[in-house]
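Trainee: Submitted below is the structure of interest, expressed as structure tokens.
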Amino acid sequence: MPDHTPSQTIGPFFSHALTPESNRFPPIVDNRVRFSKGEGPSIELRGAVRDGEGNVITDAMVEIFQSNADGVFETGHGYGRSGTENGEFVFRTVKPGTREPDMSPCIEVVLFMRGLLNHLFTRIYFADEKELNERDRFLSQLSAETRERLLATSESDGVYRFDINMQGPDETPFIDR
Amino acid sequence: MTVESRQEASHPPNLYPEYKSTAFRSPRKAPLPPDGIDSFCMESLPLSSDVGPRSENLLLNTCTTGEPIGERIVVSGKVLDGDGAPLAGSLVEIWQANAAGRYAHKVDRHDAPLDKNFLGVGRALTDDEGRFKFYTIRPGAYPWGNHDNAWRPPHIHFSVIGNVLENRLITQMYFPGDPLLDHDPIFQSVPDRAKDRLIAGFDLTLTEPEFALGYRFDLVVRGFLSTPETT
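Going down the list, the sequences are from chains D and Y. Its first residue numbered 1, the first sequence is counted upward by one per residue in this note's numbering. Its first residue numbered 1001, the second sequence is counted upward by one per residue in this note's numbering.
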């Protein structure tokens, strides 16, 4: 029985490979999340990633995976990547829909950076979905304090913020998938 | 369908003091159990035509005036699950330094020459047998600021996207017989029993006469369980 290949850090020099911006090696995925179906208003999702000293991390990579606005997971769609070179990750996407009575709209997140030997999973829910959040099968079994830290807040029209803190009293909850 | 559990004993810890960057970046709280979270199937990715024979060949894919400098190598292997079953259609992305140990990335300020014919990036989709094959140049070692006289052993970075979110993997491939491995905190962070899995195997059958030495490197990731795990 083969055993699993160990994880290693992504290191600091990945952007020209994984989030390239030039024609020399065109990207296959970027920070604009694409869908083939589902109508929904475009949103911007952004946030800063901070280390244990409160410093903004500019060499992280964030990946997101989500359903379309109708709550359908489309094969080959709903995927985005963003670096944090300008101080924040930024995605252009739609607010995901939901099709299950006990699931609130959420976005799956994977986080990578120098200094992380293993990538980390978390989820972004939305603060303005109070009712659905209360019935969500994952959120509802967490403490109120933990739940708060998984909510993106509306910063302005169509712009949501989700900051990630690696350590400290406001440490973002990560999920052991 | 349930996914194989993460094998804790195969992976490094999040906090590993000898690798200094982990001090302020590794999470300190225990992660949340995934109760109520289903595994996330990813049957295929939104890929453009930019994955194919050209993107798999780092000797050609970013040349401007000629061939890159350095020893040509073939790096081939399979993406498999814990039962040895192949993962077809997996996205494998690689990146690396050039033969002099310099990355074509604006943040790398190491005083070693850039190679205008080598960006050092590639991508492939695994075939029905889970196989990928890259042509590239053997990367050089490079110094980094972790500790005094610190050098990263020559390595190739790998990113794998399988068929489910849970088998996402980022890792590094190292070369056999490298004396720097004993001194590298990133490699050493891996539990002893799992270290071998990060070292490519020299393979004469992959070696192409008069052209390139061959190295084999398989990636074993979490798969779906056909029967429930016993704990």
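Virtual Cβ for every residue (Gly too), placed ideally from N, Cα, C.
CB D:N68 to CB D:V94, shorter than 9 Å?
Mentor: For D:N68 and D:V94, yes; Cβs fall inside 9 Å.
Trainee: When every heavy atom of the ligand FAD is checked, does at least one fall within less than 8 Å of the C-beta of D:M166?
Mentor: Ligands displayed in this structure: none; no statement on the ligand FAD is therefore possible.
Trainee: Using DSSP with H/G/I as helix, E/B as strand and the rest coil, what is D:D70?
Mentor: Three-state result, D:D70: coil.
Trainee: Determine the closest residue to Y:R1152 out of D:P6, D:T5, D:H4, D:G11, with distance taken between C-alpha atoms.
Mentor: That would be D:G11, whose Cα lies nearest to the Cα of Y:R1152.
Trainee: How about D:G115: is its C-beta nearer than 9 Å to some C-beta of chain Y?
Mentor: Output row for D:G115: interface = yes.
Trainee: By a C-beta neighbour count over all protein chains shown, 10 Å radius and 16 as the cutoff for buried, is Y:P1176 buried or exposed?
Mentor: Classification for Y:P1176: exposed.
Trainee: Following the continuous beta strand (DSSP E) through D:F91, name the residue where it begins and the one where it ends.
Mentor: Run containing D:F91: 89-94, per the beta strand (DSSP E) assignment.
Trainee: What are the residues that DSSP puts in a beta bridge with D:T122?
Mentor: DSSP output for D:T122 lists D:V109 as bridge partner(s).
Trainee: Going by beta carbon distance, what residues of the same chain come within less than 8 Å of D:F123, once the five residues before and after it are set aside?
Mentor: A quick correction: the sequence has Arg, not Phe, at residue 123 of chain D. Closer than 8 Å at the Cβ level, and outside the excluded window around D:R123, lie C106, I107, E108, V109, F138, L150, I175.
Trainee: Any beta-carbon of chain Y closer than 9 Å to the one on D:N133?
Mentor: Judged by the 9 Å Cβ criterion, D:N133 is not in contact with chain Y.
Trainee: Hey, quick one: how far does the beta strand (DSSP E) through Y:A1104 stretch, first residue to last?
Mentor: Looking at the DSSP string, Y:A1104 is not in any beta strand (DSSP E), and its letter there is neither H nor E.
Trainee: With 9 Å set as the bound, which would you pick, yes or no: does the beta-carbon of Y:L1059 sit closer than that to a beta-carbon of chain D?
Mentor: For Y:L1059, the answer is no, since every Cβ of chain D falls outside 9 Å of its Cβ.
Trainee: For Y:L1087, does the three-state DSSP call read helix, strand or coil?
Mentor: The answer is coil: DSSP assigns Y:L1087 none of H, G, I, E or B.
Trainee: With a cut-off of 8 Å, do at least 3 Cβ pairs link the region 1181-1190 of chain Y to the region 1140-1155 of chain Y?
Mentor: Contact between the region 1181-1190 of chain Y and the region 1140-1155 of chain Y is present, because at least three Cβ pairs lie under 8 Å.
Trainee: Quick one: list the residues of chain D neighbouring Y:T1022, beta-carbon separation under 8 Å, in chain order.
Mentor: Going along chain D in sequence order, the residues near Y:T1022 (Cβ under 8 Å) are G115, L116, L117.
Trainee: Does Y:F1211 pass the burial test, meaning 16 or more other C-beta atoms within 10 Å, or should it be called exposed?
Mentor: Per the 10 Å Cβ criterion, exposed.
Trainee: Say whether the region 65-83 of chain D touches the region 111-123 of chain D, bearing in mind that this needs 3 or more beta-carbon pairs closer than 8 Å, one atom from each stretch.
Mentor: Contact fails: fewer than three Cβ-Cβ distances are below 8 Å.
Trainee: Put Y:Q1188 into one of helix, strand or coil per three-state DSSP.
Mentor: Looking at Y:Q1188 - three-state DSSP - the assignment turns out to be helix.
Trainee: Using only alpha-carbon positions, find the residue among D:P96, D:N23, D:G40, D:T19 that is nearest to D:V62.
Mentor: Checking every option, the nearest Cα to that of D:V62 belongs to D:T19.
Trainee: In the DSSP assignment, the alpha helix (DSSP H) including D:S15 goes from what residue to what residue?
Mentor: Segment 15-18, the alpha helix (DSSP H) holding D:S15.
Trainee: Rounded to whole angstroms, what's the CA-CA distance from D:G97 to Y:E1043? Just pull it up for me.
Mentor: Rounded to whole angstroms, D:G97 to Y:E1043 spans 20 Å at the Cα level.
Trainee: Within 9 Å of any Cβ in chain D, is that where the Cβ of Y:Y1215 sits?
Mentor: No, no contact with chain D.
Trainee: Name the residue from Y:A1100, Y:Y1103, Y:P1027, Y:L1087 whose alpha carbon lies nearest to the alpha carbon of Y:D1127.
Mentor: For Y:D1127, the nearest C-alpha among the options comes from Y:L1087.
Trainee: Could you please tell me which residues of the region 71-89 of chain D, in chain order, have their CB closer than 7 Å to any CB of chain Y?
Mentor: Those residues of the region 71-89 of chain D that come within reach of chain Y (Cβ to Cβ, closer than 7 Å) are T75, G76, H77, Y79.
Trainee: Alpha carbon to alpha carbon, how far is Y:E1093 from Y:P1209? Give it in angstroms, no decimals.
Mentor: Taking the straight line joining both Cα atoms gives about 26 Å.
Trainee: Taking the continuous beta strand (DSSP E) assigned at D:F65, which residues delimit it?
Mentor: Start and end: 60-65.
Trainee: Which residue marks the beginning of the alpha helix (DSSP H) containing D:R147, and which one marks its end?
Mentor: 144-148 is the span of the alpha helix (DSSP H), which, as asked, contains D:R147.
Trainee: Go to Y:T1171, then tell me how far its beta strand (DSSP E) extends in each direction, as first and last residue.
Mentor: That run of the beta strand (DSSP E) goes 1169-1174.
Trainee: Alpha carbon to alpha carbon, how far is Y:F1217 from Y:I1199? Give it in angstroms, no decimals.
Mentor: Taking the straight line joining both Cα atoms gives about 7 Å.
Trainee: Our contact map puts D:V72 next to D:A60 with C-beta atoms below 8 Å; I'd like the distance itself, whole angstroms only.
Mentor: With a Cβ gap of about 29 Å, D:V72 and D:A60 do not count as contacting.
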